[in-house]
Each structure stands twice: as structure tokens, then as C-alpha cells.
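Note sheet for the following structure.
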Amino acid sequence: MCDGPSADDTCRTLVESRGHFTAKNLPVGNETRRWYGTYRECLIGESEQQYPCASVTCRLCSIIRTDFDLSAQGKKLPIGAFGRAIYTSSSTNTADEFSANRVLNSTTKAMILADIVVGKPKIVHVDRPLMREAPRGYDSVMAKKGFFLAHDDIMIYSNDAIRPAYLVMYDV
38 MCDGPSADDT CRTLVESRGH FTAKNLPVGN ETRRWYGTYR ECLIGESEQQ YPCASVTCRL
98 CSIIRTDFDL SAQGKKLPIG AFGRAIYTSS STNTADEFSA NRVLNSTTKA MILADIVVGK
158 PKIVHVDRPL MREAPRGYDS VMAKKGFFLA HDDIMIYSND AIRPAYLVMY DV
């Protein structure tokens with residue numbers, strides 16, 4: 038989908054040049070904001086901890102330190118219904134299902150509001166667990182909630198198409 042160091046103007050511009058989304062009154066690259074739930078193994082955002090921890094297994098801090106990493110998807114959890122991808126949702130409820138706090142003495146959880154370059158999404162209504170990329174001619178995969186799918190998700194198959202915008206901390 039995109040090649041480059043980050044989901045910046047380069048990625049949006051590349052996807053825009055193929056899809057001409059602004060001509061359809063959409064944002065450049067059909068970019069949108071979506072929720073991403075993950076786990077943390079530290080107290081970032083609580084008490085005195087203001088900076089990411091150094092643990093390579095703390096997914097939240099890894100994203101803050103080095104951005105999203107598709108190669109880390111599916112290592113601790115099974116690969117999802119649409120293969121190894123970065124799963125995002127329009128719903129905080131869905132993102133919350135994937136947010137976990139591995140610090141025993143804390144009730145605070147975290148999720149990320151991310152900017153994603155959707156481009157031209159392939160709309161699907163059933164699982165496709167063997168997917169490794171968006172189908173030819175598409176930039177992402179959009180799962181429509183319905184009879185076979187419980188969530189409305191957009192899956193991104195490129196690190197360059199997503200970047201964290203906001204960190205949201207909340208108590209459960």
C-alpha cells in the first residue's frame with residue numbers, strides 16, 4: 038500500500054494519486070480516525086510515569102516509542118479473522134475488548150485514537166483469516182458488522198498507513 042518511514046504525507050499522497058479521493062469530497066487518501074485497543078505492562082499515564090517504559094513486550098509503549106509494527110501482530114494473541122493486520126474500529130467498545138491492563142494494581146486501561154489511510158477499502162462480510170494483504174486494487178479491508186461479523190473494523194496491512202494521534206486513558 039504505502040512505502041516509507043511513516044504514515045505521513047507520502048503515504049496519503051501515494052494512495053490519493055491512485056484513488057482521487059478529494060475529487061469525491063473525501064480527505065486525502067481517504068484518511069480517517071479509528072480506535073485501536075492494546076495492552077500495557079506498565080503504569081504509563083498514571084502517577085509519576087509520563088514516558089514509555091523500555092519493555093519490548095509492552096505493546097502500548099512500543100507503539101508510542103516506535104509506531105505501529107505489523108510484525109508484532111499475532112505474536113501474543115492468535116491472528117485475527119482477517120489475517121495478520123492492524124485492526125481498527127469506529128467503536129470504543131470494540132477497542133476496549135482488545136485493551137488489557139497487565140499491571141495488577143491498576144484499574145486504568147488505554148486505547149489509541151489513530152489516523153489511518155483507508156484508501157480504497159475491500160468491503161467484506163465474512164472472515165478471511167488467511168489474508169496477508171488487501172486484495173489487488175484495494176488499500177485496506179473493511180469488515181461490515183452483520184450476520185457473520187460482530188464488529189465493524191478496518192484492517193490495515195501496512196505500518197505506513199497508520200499512526201497514533203491520541204492516547205486515551207480510562208478507568209474500568
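Residue numbering for the sequence shown follows our numbering, starting at 38 and increasing by one per position. Backbone N, C-alpha and C fix where the C-beta goes; we use that ideal spot for every residue, glycine too.
Just to confirm, is the Cβ distance from residue i to residue j under 9 Å?
i	j	result
residue 145	residue 206	yes
residue 119	residue 151	no
residue 52	residue 66	yes
residue 98	residue 109	no
residue 76	residue 102	no
residue 195	residue 48	yes
residue 136	residue 122	no
residue 127	residue 189	yes
residue 149	residue 204	yes
residue 171	residue 182	no
Could you tell me which residues DSSP puts in a beta bridge with residue i?
i	result
residue 77	138
residue 204	149
residue 177	158
residue 199	153
residue 117	120
Once DSSP output is grouped into helix, strand and coil, what is the label at residue i?
i	result
residue 51	helix
residue 125	strand
residue 190	strand
residue 61	helix
residue 70	strand
residue 56	helix
residue 43	Its pLDDT being 48, under 50, residue 43 is placed unreliably in this model, and the value from its coordinates should be taken loosely. DSSP places residue 43 in coil when its eight states are reduced to three.
residue 165	coil
residue 98	helix
residue 104	coil
residue 210	Any answer about residue 210 is impossible in this case: the structure gives the chain only from 38 up to 209.
residue 132	helix
Which residue's Cα is closest to the Cα of residue i: the options?
i	options	result
residue 202	172, 153, 90 and 67	153
residue 155	168, 124, 134 and 169	124
residue 200	100, 209, 58 and 188	100
residue 165	70, 179 and 128	179
residue 169	117, 163 and 160	117
residue 94	158, 138, 62 and 157	138
residue 173	46, 183 and 55	55
residue 175	167, 163, 157 and 187	157
residue 71	187, 159 and 130	130
residue 187	209, 161 and 167	161
Stretch pair the segment 72-81 + the segment 135-142: three plus CB contacts closer than 8 Å: yes
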